[in-house]
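Each remark here refers to the structure printed beneath this line.
Residue numbers (this note's numbering), protein chains in the order written: chain A, 1 to 272; chain B, 1 to 260.
In structure tokens:
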């Protein structure tokens, strides 16, 4: 087991998985509390469409993934704010439209490109050191912003109207949160893929939600669970020779069901 | 010397083509205890949003503190402690009582400033004001409706506001708790010298406690001491003749919404 850690690729994948696991679970706390789960899923697919377009026209994938992701969350936010459409409807439309775009872009490619599919299903074991640098930089940026604005982000997650009434620039903070969700999706595309990243955002935070009635504890638990299942999943996938993305997600899911069974909140409700 | 907290001058409010409040002229000065009454849909909550600067007048002017409401900044809003109408809170939302009250400090502190021990002390002090200090580590969702209401009042107080704006603070809680919440509000008014604006549909509950009543029904029907406002001829204009019965000091306005 230990010799495993001496491989360069293994060190890179473990570090990438740990970073993405931590980042997704922190943003997941706000996603779960503010009820933005669907936004996360939609953005990941939009970012994937950006990647597909980049491969089609021979562009670097990162800028286009960011562009598509940000455009999707902002359009959704504006449509919701103007009361034209419910959030789940507009994101549902953009979700499928961007996925259709992605399939279109892939179809237009003259040759089969396996790398594109790496962004759909994730390939943490093939993360290059350049990619790791980008993941590291973007993770630090997003986590740094979350730390700086954590009190405002918690407040709007709890009650946005109340936050605004008591002097927090709630609207701007909401757009900041949407932006951070989009960036998190982009960072995670390469490692866990557009489909499974959604699980990395939702599962650790929902697991932590079962375990505590304190905001700060929930965040701490989510980070520990997210990082542990990401790292554990990579190791399991290597040891059992199974795909990494599913290994991470299924491990996290197992922890989630364990937490549901042993949730102190649930147990208290049963005894009450 | 009492100074002006809010001043409406011929202010009209509405949204998407519907006028919610028309031509309101009203001044609330510091240290007052004002009750705002009126039937459902009479514009009480609109008045509340206006005072918070979240709704601009379509016509007329609104001055909040020393500032016209168009120019209102976040730090102005932080000087108004607001208790929203009791909604249903998610009982499983993971937040403790102290974490809830600390949120009252967030707007006051402003962006990029971390809450410090002084802020925590303020939160603890307000919790003791409302008699909930012992519950500070409890889950908010596990408290009773009246206890939650106390915690939300503590959160508003943690802003160290000049005004406490309460939207239906006694609705949806049992009658004993209603009285204890009202006693608490009265005590805060007397002990801390807070200006109180209390919105309610329950006239009998507050008529003995307020300095002034404001009667709304899409416009301002009357404003003044309770004895001047609670007159049969004024009330029947708002509530309809059959619904108002006055007997000596007791005013009965039948709550026809519950019968509808």
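For every residue, glycine included, the Cβ atom is placed at its ideal position computed from N, Cα and C.
Beta-carbon separation (whole angstroms), residue i vs residue j, contact threshold 8 Å
{"i": "residue 122 (chain A)", "j": "residue 245 (chain A)", "result": "4 Å"}
{"i": "residue 48 (chain B)", "j": "residue 184 (chain B)", "result": "That belief does not hold up - the Cβ atoms of residue 48 (chain B) and residue 184 (chain B) are roughly 20 Å apart, past 8 Å."}
{"i": "residue 229 (chain A)", "j": "residue 255 (chain A)", "result": "6 Å"}
{"i": "residue 205 (chain B)", "j": "residue 155 (chain B)", "result": "Contact flag wrong, Cβ pair sits at about 23 Å."}
{"i": "residue 12 (chain B)", "j": "residue 58 (chain B)", "result": "5 Å"}
{"i": "residue 75 (chain B)", "j": "residue 166 (chain A)", "result": "At roughly 11 Å, the Cβ-Cβ gap does not stay under 8 Å, so residue 75 (chain B) and residue 166 (chain A) are not in contact."}
{"i": "residue 66 (chain A)", "j": "residue 180 (chain A)", "result": "No, residue 66 (chain A) and residue 180 (chain A) are not in contact; Cβ-Cβ is about 12 Å, not under 8 Å."}
{"i": "residue 86 (chain B)", "j": "residue 172 (chain B)", "result": "5 Å"}
{"i": "residue 108 (chain B)", "j": "residue 127 (chain B)", "result": "About 16 Å; that fails the 8 Å criterion."}
7 Å CB neighbourhood of residue i in its chain, flanking five on each side removed
{"i": "residue 193 (chain A)", "result": "119, 120, 121, 122, 245"}
{"i": "residue 200 (chain B)", "result": "35, 37, 168, 170, 206"}
{"i": "residue 72 (chain B)", "result": "53, 64"}
{"i": "residue 56 (chain A)", "result": "105, 108, 109"}
{"i": "residue 32 (chain B)", "result": "195, 211, 212"}
Residue i vs residue j beta-carbon contact at 8 Å
{"i": "residue 140 (chain B)", "j": "residue 177 (chain B)", "result": "no"}
{"i": "residue 5 (chain B)", "j": "residue 65 (chain B)", "result": "yes"}
{"i": "residue 222 (chain A)", "j": "residue 205 (chain A)", "result": "yes"}
{"i": "residue 47 (chain A)", "j": "residue 21 (chain A)", "result": "no"}
{"i": "residue 276 (chain A)", "j": "residue 51 (chain A)", "result": "There is simply no residue 276 (chain A) to check, as chain A begins at 1 and stops at 272 in what is shown."}
{"i": "residue 19 (chain B)", "j": "residue 218 (chain B)", "result": "yes"}
{"i": "residue 220 (chain B)", "j": "residue 214 (chain B)", "result": "yes"}
{"i": "residue 51 (chain B)", "j": "residue 238 (chain B)", "result": "no"}
{"i": "residue 94 (chain B)", "j": "residue 212 (chain A)", "result": "yes"}
{"i": "residue 60 (chain B)", "j": "residue 23 (chain B)", "result": "yes"}
{"i": "residue 275 (chain A)", "j": "residue 26 (chain B)", "result": "This structure leaves residue 275 (chain A) out entirely; chain A is present only between 1 and 272."}
{"i": "residue 138 (chain A)", "j": "residue 183 (chain A)", "result": "yes"}
Reference residue i, options the options, closest by Cα
{"i": "residue 114 (chain B)", "options": "A:81, A:152, A:183, A:261", "result": "A:152"}
{"i": "residue 187 (chain A)", "options": "A:124, A:87, A:160, A:229", "result": "A:124"}
{"i": "residue 44 (chain A)", "options": "A:98, A:242, A:161", "result": "A:98"}
{"i": "residue 15 (chain A)", "options": "A:32, A:53, A:96, A:128", "result": "A:128"}
{"i": "residue 201 (chain A)", "options": "A:3, A:8, A:7, A:19", "result": "A:19"}
{"i": "residue 23 (chain A)", "options": "A:38, A:106, A:212, A:220", "result": "A:220"}
{"i": "residue 74 (chain A)", "options": "A:178, A:210, A:261", "result": "A:178"}
{"i": "residue 54 (chain A)", "options": "A:35, A:103, A:34", "result": "A:103"}
{"i": "residue 214 (chain A)", "options": "A:38, A:13, A:33", "result": "A:33"}
{"i": "residue 21 (chain B)", "options": "B:145, B:226, B:2, B:41", "result": "B:41"}
{"i": "residue 261 (chain A)", "options": "A:242, A:82, A:210", "result": "A:210"}
{"i": "residue 188 (chain B)", "options": "B:67, B:162, B:121", "result": "B:162"}
{"i": "residue 176 (chain A)", "options": "A:161, A:156, A:132", "result": "A:156"}
{"i": "residue 264 (chain A)", "options": "B:26, B:92, B:46", "result": "B:92"}
{"i": "residue 81 (chain A)", "options": "A:172, A:96, A:137", "result": "A:172"}
{"i": "residue 158 (chain A)", "options": "A:31, A:7, A:13, A:9", "result": "A:31"}
{"i": "residue 93 (chain A)", "options": "A:150, A:38, A:133", "result": "A:38"}
Between the CA atoms of residue j and residue i - distance to the nearest angstrom
{"i": "residue 154 (chain A)", "j": "residue 212 (chain B)", "result": "38 Å"}
{"i": "residue 138 (chain B)", "j": "residue 98 (chain B)", "result": "8 Å"}
{"i": "residue 119 (chain B)", "j": "residue 114 (chain A)", "result": "55 Å"}
{"i": "residue 207 (chain A)", "j": "residue 208 (chain B)", "result": "50 Å"}
{"i": "residue 110 (chain A)", "j": "residue 189 (chain A)", "result": "23 Å"}
{"i": "residue 17 (chain B)", "j": "residue 39 (chain B)", "result": "21 Å"}
{"i": "residue 238 (chain A)", "j": "residue 78 (chain B)", "result": "54 Å"}
{"i": "residue 5 (chain A)", "j": "residue 11 (chain A)", "result": "6 Å"}
{"i": "residue 145 (chain A)", "j": "residue 29 (chain A)", "result": "15 Å"}
{"i": "residue 106 (chain B)", "j": "residue 223 (chain B)", "result": "35 Å"}
{"i": "residue 130 (chain B)", "j": "residue 151 (chain B)", "result": "7 Å"}
{"i": "residue 124 (chain B)", "j": "residue 159 (chain B)", "result": "12 Å"}
{"i": "residue 69 (chain B)", "j": "residue 71 (chain A)", "result": "33 Å"}
{"i": "residue 143 (chain B)", "j": "residue 225 (chain B)", "result": "36 Å"}
{"i": "residue 241 (chain A)", "j": "residue 197 (chain A)", "result": "21 Å"}
{"i": "residue 62 (chain A)", "j": "residue 25 (chain A)", "result": "22 Å"}
{"i": "residue 35 (chain A)", "j": "residue 117 (chain B)", "result": "31 Å"}
{"i": "residue 84 (chain A)", "j": "residue 186 (chain B)", "result": "43 Å"}
{"i": "residue 145 (chain B)", "j": "residue 132 (chain B)", "result": "13 Å"}
{"i": "residue 235 (chain A)", "j": "residue 259 (chain A)", "result": "22 Å"}
{"i": "residue 203 (chain A)", "j": "residue 236 (chain B)", "result": "58 Å"}
{"i": "residue 131 (chain A)", "j": "residue 88 (chain A)", "result": "32 Å"}
{"i": "residue 30 (chain B)", "j": "residue 2 (chain B)", "result": "5 Å"}
{"i": "residue 185 (chain A)", "j": "residue 90 (chain B)", "result": "27 Å"}
{"i": "residue 190 (chain B)", "j": "residue 147 (chain B)", "result": "22 Å"}
Own chain residues within Cβ distance below 6 Å of residue i, not counting five before or after
{"i": "residue 164 (chain A)", "result": "170"}
{"i": "residue 90 (chain A)", "result": "76, 79"}
{"i": "residue 84 (chain B)", "result": "167"}
{"i": "residue 199 (chain A)", "result": "249"}
{"i": "residue 126 (chain A)", "result": "none"}
{"i": "residue 17 (chain A)", "result": "124, 230, 231, 234"}
{"i": "residue 135 (chain A)", "result": "16, 19, 187"}
{"i": "residue 2 (chain A)", "result": "none"}
{"i": "residue 46 (chain B)", "result": "13, 20, 21"}
Residues of its chain near residue i, where Cβ-Cβ distance is below 8 Å and the 5 sequence neighbours each way are ignored
{"i": "residue 174 (chain A)", "result": "77, 156, 160"}
{"i": "residue 59 (chain A)", "result": "53"}
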